[in-house]
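J.: From first to last, the protein sequence lines stand for chains E and A. Numbered per numbering that gives the first Met the number 0, the first sequence spans residues 0 to 289. Numbered per numbering that gives the first Met the number 0, the second sequence spans residues 0 to 175. For each residue, glycine too, the CB sits at the ideal point set by N, CA and C. Sharing a structure here in structure tokens format.
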Amino acid sequence: MRAFAYERPTDLDEAVALLAEHGPRARVLAGGTDLIIRLRDGSIRAEVVVDLKRIAELDGSIRDDGGRLSIGARTVMTAIGADPRIGRDFQALAEAAAVVGSTQIRNRATLAGNVCNASPAADTVPALLIHGADVVAVGPAGRRRIPSDEFFVRSGVTVLGPDELVCAIELPRPTIREGSVHVRRTRRRGHDLASVTLACVVGADGVTRLAYGSLGPRPLLVTDEDGLLADPAASDAAKMQRLAALFVGASPSARSMRAGPEYRLAMLHVLGLRAVREAIARLALRSGSR
Amino acid sequence: MTFARRIDLTVNGRPHRLEIAVHHTLLEVLRDDLGLTGTKECCLVGECGACTVLLDGISVDSCLVLAVEADGAEVTTVEGLAVDGRLHPLQEAFLATGAAQCGFCIPGQLVAATALLADDPQPTRAAVEEGIAGNLCRCGGYEQIIEAILGAAAVMAADGPAGGEADSVARGDPGR
Numbered sequence: 000m001r002a003f004a005y006e007r008p009t010d011l012d013e014a015v016a017l018l019a020e021h022g023p024r025a026r027v028l029a030g031g032t033d034l035i036i037r038l039r040d041g042s043i044r045a046e047v048v049v050d051l052k053r054i055a056e057l058d059g060s061i062r063d064d065g066g067r068l069s070i071g072a073r074t075v076m077t078a079i080g081a082d083p084r085i086g087r088d089f090q091a092l093a094e095a096a097a098v099v100g101s102t103q104i105r106n107r108a109t110l111a112g113n114v115c116n117a118s119p120a121a122d123t124v125p126a127l128l129i130h131g132a133d134v135v136a137v138g139p140a141g142r143r144r145i146p147s148d149e150f151f152v153r154s155g156v157t158v159l160g161p162d163e164l165v166c167a168i169e170l171p172r173p174t175i176r177e178g179s180v181h182v183r184r185t186r187r188r189g190h191d192l193a194s195v196t197l198a199c200v201v202g203a204d205g206v207t208r209l210a211y212g213s214l215g216p217r218p219l220l221v222t223d224e225d226g227l228l229a230d231p232a233a234s235d236a237a238k239m240q241r242l243a244a245l246f247v248g249a250s251p252s253a254r255s256m257r258a259g260p261e262y263r264l265a266m267l268h269v270l271g272l273r274a275v276r277e278a279i280a281r282l283a284l285r286s287g288s289r
Numbered sequence: 000m001t002f003a004r005r006i007d008l009t010v011n012g013r014p015h016r017l018e019i020a021v022h023h024t025l026l027e028v029l030r031d032d033l034g035l036t037g038t039k040e041c042c043l044v045g046e047c048g049a050c051t052v053l054l055d056g057i058s059v060d061s062c063l064v065l066a067v068e069a070d071g072a073e074v075t076t077v078e079g080l081a082v083d084g085r086l087h088p089l090q091e092a093f094l095a096t097g098a099a100q101c102g103f104c105i106p107g108q109l110v111a112a113t114a115l116l117a118d119d120p121q122p123t124r125a126a127v128e129e130g131i132a133g134n135l136c137r138c139g140g141y142e143q144i145i146e147a148i149l150g151a152a153a154v155m156a157a158d159g160p161a162g163g164e165a166d167s168v169a170r171g172d173p174g175r
């Protein structure tokens, strides 16, 4: 690996000052499961690596914060997959976090890092989109809250400035009953990146939100407002037709890795229908247990 | 700006103070600076698990951790599993079932299995498959490896309190 300097700030102001000083020559280190690979293969060249792990304000905790759940920048996938509050209110996110990489990766990889890395195939991102998550960034001008749907630009690119870092991901607690699920298609069982990754939430108000990744430069969020997808009595044929209309923005690259574009598109629709069915079943279960 | 740094690292219960280059990984420091070559270098992208160690009791790919990130931590490598020359029940089980073929992945498999059993002392077969999904075996010896882990879990449960041994390893207990 090419040599770089290492800084280990102990508070957020110091971290922001380092980023302001070094700009794009600095890279932020959280879990390192993406960054260290790319520093080693040379696709990222950093002069300074700023490690967030000794910043007291950025512990790995998940906090209840007045109707919102705040996931700190150092919270790893293992902790998210195991958190009972996330399992109850944001089940799609819990399921997505539990399939990222392997145990060893999930023990290091952070949600904030997954978001900042902005891979089109990131499993947690569709879940964040359907759950209406906000990304909280801090920079020289202070804090700002960015809706997750406005955060991603294209593969590896976000709206984050070179002098900003993500300090938390916030999830608004649902105000109505919901059923949510994450599904994906991989080449093999176990440890693999997704050829299609998709999350779905069906609300008691009849609104269905779906988000999918690995089918274009960034994950996309779509909404079915009129209750067709959420209707347990509507036919699969009608739902497939609706899904086809909703998924019109999918644009898998012809040079895409892991699976061809035709296969990805076909599987997107299959997984979409399965996810809607499962989310409806989970919503019904919650209605019954009330 | 710092390119080298002094770190404190406890490895298999023994404390070390080391002067390291900050761009060196924990894997490189374990193998090259400390001579602990049981931990293997293989894919270097977090796919194969041959470099798995316990960092404060948690399994990690040491090729994706900078050594400087481990400053102040307790590390357990495969060399730390046996106590006073007595093999860990997992090591005994791997031998008994012939789980090692070429052997290259085995240190990582053993350390990953140690973490798995510390979390879940009586895992189902599915939990074992998921627990070692990050450890590839190019000989394809998965059946024997899974059998060995399930066998070791049974032995450790039958031995009662001795089952706590894996716990203390997985938590990086320095008192060993």
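Closer than 9 Å, Cβ to any Cβ of chain A: which residues of the segment 247 to 260 of chain E, in chain order?
T.: none
J.: For residue 103 of chain E, count neighbouring Cβ atoms within 10 angstroms of its own Cβ and tell me buried if that reaches 16, exposed if not.
T.: On the first sequence, position 104 is the one that residue 103 of chain E refers to. By the neighbour-count rule (16 or more Cβ atoms within 10 Å), residue 103 of chain E is buried.
J.: Taking only runs that begin and end inside the segment 59 to 127 of chain A, name each unbroken beta strand (DSSP E) of 3 or more residues, in chain order.
T.: 73 to 75
J.: Taking Cβ positions, are residue 190 of chain E and residue 101 of chain E nearer each other than 9 Å?
T.: The sequence position of residue 190 of chain E within the first sequence is 191, counting from 1. The sequence position of residue 101 of chain E within the first sequence is 102, counting from 1. For residue 190 of chain E and residue 101 of chain E, yes; Cβs fall inside 9 Å.
J.: Check each candidate in A:18, A:142, A:68, A:12 and name the one with the smallest Cα separation from residue 93 of chain A.
T.: Numbered from its first residue, the second sequence carries residue 93 of chain A at position 94. Nearest C-alpha to residue 93 of chain A: A:142.
J.: Under 9 Å, do residue 45 of chain E and residue 38 of chain E count as touching if we go by C-beta distance?
T.: For the purposes of this step, residue 45 of chain E is identified with residue 46 of the first sequence, where counting begins at 1. For the purposes of this step, residue 38 of chain E is identified with residue 39 of the first sequence, where counting begins at 1. In this structure, residue 38 of chain E lies closer than 9 Å to residue 45 of chain E by Cβ.
J.: Are the beta-carbon atoms of residue 360 of chain E and residue 17 of chain E separated by less than 9 Å?
T.: No statement about residue 360 of chain E is possible, as the shown extent of chain E runs from 0 to 289 and does not include it.
J.: Rounding to the nearest angstrom, what Cα-Cα distance links residue 106 of chain E and residue 57 of chain A in this structure?
T.: In the first sequence, the residue the question calls residue 106 of chain E occupies position 107. In the second sequence, the residue the question calls residue 57 of chain A occupies position 58. Going from the Cα of residue 106 of chain E to the Cα of residue 57 of chain A covers about 7 Å.
J.: Cα separation between residue 23 of chain A and residue 53 of chain A?
T.: What you label residue 23 of chain A is simply residue 24 of the second sequence in a count that begins at 1. What you label residue 53 of chain A is simply residue 54 of the second sequence in a count that begins at 1. Their backbone Cα atoms lie some 18 Å apart in a straight line.
J.: With DSSP run on the structure shown, which of helix, strand or coil describes residue 286 of chain E?
T.: Along the first sequence, one-based indexing puts residue 286 of chain E at 287. Of the three classes helix, strand and coil, the one that applies to residue 286 of chain E here is helix, per DSSP.
J.: Distance check for residue 73 of chain E and residue 64 of chain E, CA to CA, integer angstroms please.
T.: Counted from its first residue, the first sequence places residue 64 of chain E at position 65. Counted from its first residue, the first sequence places residue 73 of chain E at position 74. One C-alpha to the other measures close to 17 Å.
J.: Roughly how far, in whole angstroms, is the beta-carbon of residue 213 of chain E from the beta-carbon of residue 120 of chain E, given that I think they are within contact range, below 8 Å?
T.: Here residue 213 of chain E refers to the residue found at position 214 of the first sequence. Here residue 120 of chain E refers to the residue found at position 121 of the first sequence. Residue 213 of chain E to residue 120 of chain E, Cβ: 4 Å. Contact.
J.: Tell me whether residue 71 of chain A is buried or exposed, calling it buried when 16 or more other Cβ atoms sit within 10 Å of its Cβ.
T.: Position 72 of the second sequence, counted from the start, is the residue given in the question as residue 71 of chain A. Exposed.
J.: Using a Cβ-Cβ cut-off of less than 8 Å, give me the residues of the segment 104 to 126 of chain E that come near chain A, in sequence order.
T.: 104, 106, 107
J.: As a quick exercise: from A:144, A:14, A:132, A:79, pick the residue whose alpha carbon is nearest that of residue 99 of chain A.
T.: Numbered from 1 along the second sequence, position 100 holds the residue referred to as residue 99 of chain A. Nearest in C-alpha terms to residue 99 of chain A, of all of A:144, A:14, A:132, A:79, is A:144.
J.: Mind checking residue 234 of chain E: buried by the 16 CB within 10 Å criterion, or exposed?
T.: The residue labelled residue 234 of chain E in the question sits at position 235 within the first sequence. Answer is exposed; the Cβ neighbour count stays below 16.
J.: Between residue 172 of chain A and chain E, is the shortest Cβ-Cβ distance under 9 Å, so that the two count as touching?
T.: Position 173 of the second sequence holds residue 172 of chain A. In this prediction, residue 172 of chain A scores a pLDDT of 43, lower than 50, which makes its location untrustworthy; no coordinate-derived value is stated.
J.: Is it true that the CB of residue 184 of chain E sits closer than 9 Å to the CB of residue 266 of chain E?
T.: Counted from its first residue, the first sequence places residue 266 of chain E at position 267. Counted from its first residue, the first sequence places residue 184 of chain E at position 185. The beta carbons of residue 266 of chain E and residue 184 of chain E sit closer together than 9 Å.
J.: For residue 33 of chain E, count the other beta carbons within 10 Å of its own beta carbon; 16 or more makes it buried, fewer makes it exposed. Which is it?
T.: Numbered from 1 along the first sequence, position 34 holds the residue referred to as residue 33 of chain E. Counting Cβ neighbours within 10 Å, residue 33 of chain E comes out buried, since at least 16 surround it.
J.: Have a look at residue 88 of chain E and residue 172 of chain E and give me their C-alpha separation to the nearest angstrom.
T.: As a first step, residue 88 of chain E must be located in the first sequence, where it is residue number 89. As a first step, residue 172 of chain E must be located in the first sequence, where it is residue number 173. Between residue 88 of chain E and residue 172 of chain E, the C-alpha separation is close to 7 Å.
J.: Taking C-beta pairs closer than 7 Å, name the residues in chain A that residue 323 of chain E reaches, listed in chain order.
T.: An answer regarding residue 323 of chain E cannot be provided, because it is not within the stretch 0 to 289 covered by chain E.
J.: At which residues does the alpha helix (DSSP H) containing residue 6 of chain E begin and terminate?
T.: Taking the first sequence and counting its residues from 1, one reaches residue 6 of chain E at position 7. Counting along the chain, residue 6 of chain E falls outside any alpha helix (DSSP H), though it belongs to the beta strand (DSSP E) covering 4 to 6.
J.: Considering Cα atoms alone, identify which of E:91, E:53, E:110 is closest to residue 275 of chain E.
T.: Locating residue 275 of chain E in the first sequence gives position 276, where the first residue counts as 1. For residue 275 of chain E, the nearest C-alpha among the options comes from E:91.
J.: Considering residue 38 of chain E, what are the terminal residues of the alpha helix (DSSP H) in which it resides?
T.: Position 39 of the first sequence, counting from 1, holds the residue named residue 38 of chain E. That run of the alpha helix (DSSP H) goes 34 to 40.
J.: Chain A partners of residue 36 of chain E, CB-CB under 8 Å?
T.: Locating residue 36 of chain E in the first sequence gives position 37, where the first residue counts as 1. In chain order: 43, 44, 45, 63.
J.: Where are the beta strand (DSSP E) runs, 3 residues long or more, that stay fully inside the segment 150 to 226 of chain E, in chain order?
T.: 151 to 153, 164 to 171, 177 to 184, 195 to 202, 207 to 212, 219 to 223
J.: Looking at the unbroken beta strand (DSSP E) that takes in residue 25 of chain E, where does it start and where does it end?
T.: What you label residue 25 of chain E is simply residue 26 of the first sequence in a count that begins at 1. Element bounds for residue 25 of chain E: 25 to 28.
J.: Of all Cβ atoms in chain E, is any one closer than 9 Å to the Cβ of residue 17 of chain A?
T.: For the purposes of this step, residue 17 of chain A is taken as the residue at position 18 of the second sequence. No, no contact with chain E.
J.: Give the residues of chain A in contact with residue 39 of chain E, contact being defined as C-beta atoms less than 7 Å apart.
T.: Translated into the one-based positions of the first sequence, residue 39 of chain E becomes position 40. Contacts between residue 39 of chain E and chain A, judged by CB atoms closer than 7 Å, involve 43 in chain order.
J.: Report the three-state DSSP secondary structure of residue 257 of chain E (helix, strand or coil).
T.: Taking the first residue of the first sequence as 1, we reach residue 257 of chain E at position 258. Three-state DSSP puts residue 257 of chain E in coil, outside helix and strand.
J.: Determine the direct distance from the alpha carbon of residue 97 of chain E to that of residue 126 of chain A, and round the result to whole angstroms.
T.: Within the second sequence, numbered from 1, the residue matching residue 126 of chain A stands at position 127. Within the first sequence, numbered from 1, the residue matching residue 97 of chain E stands at position 98. About 13 Å.
J.: List the residues that DSSP assigns as beta-bridge partners of residue 291 of chain E.
T.: One cannot answer for residue 291 of chain E here, as it falls past the ends of chain E, which runs 0 to 289.
J.: Expressed to the nearest angstrom, what Euclidean distance is found between the alpha-carbon atoms of residue 198 of chain E and residue 129 of chain E?
T.: On the first sequence, residue 198 of chain E is found 199 positions in, with the first residue counted as 1. On the first sequence, residue 129 of chain E is found 130 positions in, with the first residue counted as 1. Near 7 Å, if we compare the C-alpha coordinates of residue 129 of chain E and residue 198 of chain E.
J.: Just to confirm, is the Cβ distance from residue 147 of chain E to residue 133 of chain E under 9 Å?
T.: Locating residue 147 of chain E in the first sequence gives position 148, counting from the first residue. Locating residue 133 of chain E in the first sequence gives position 134, counting from the first residue. Taking C-beta atoms as the reference points, residue 147 of chain E and residue 133 of chain E count as a pair closer than 9 Å.
J.: Alpha carbon to alpha carbon, how far is residue 7 of chain A from residue 64 of chain A? Give it in angstroms, no decimals.
T.: Taking the first residue of the second sequence as position 1, residue 64 of chain A is located at position 65. Taking the first residue of the second sequence as position 1, residue 7 of chain A is located at position 8. Distance between the alpha carbons of residue 64 of chain A and residue 7 of chain A is about 15 Å.
J.: Tell me the residue span of the beta strand (DSSP E) that contains residue 18 of chain A.
T.: Within the second sequence, the letter at position 19 stands for residue 18 of chain A. Residues 13 to 20.
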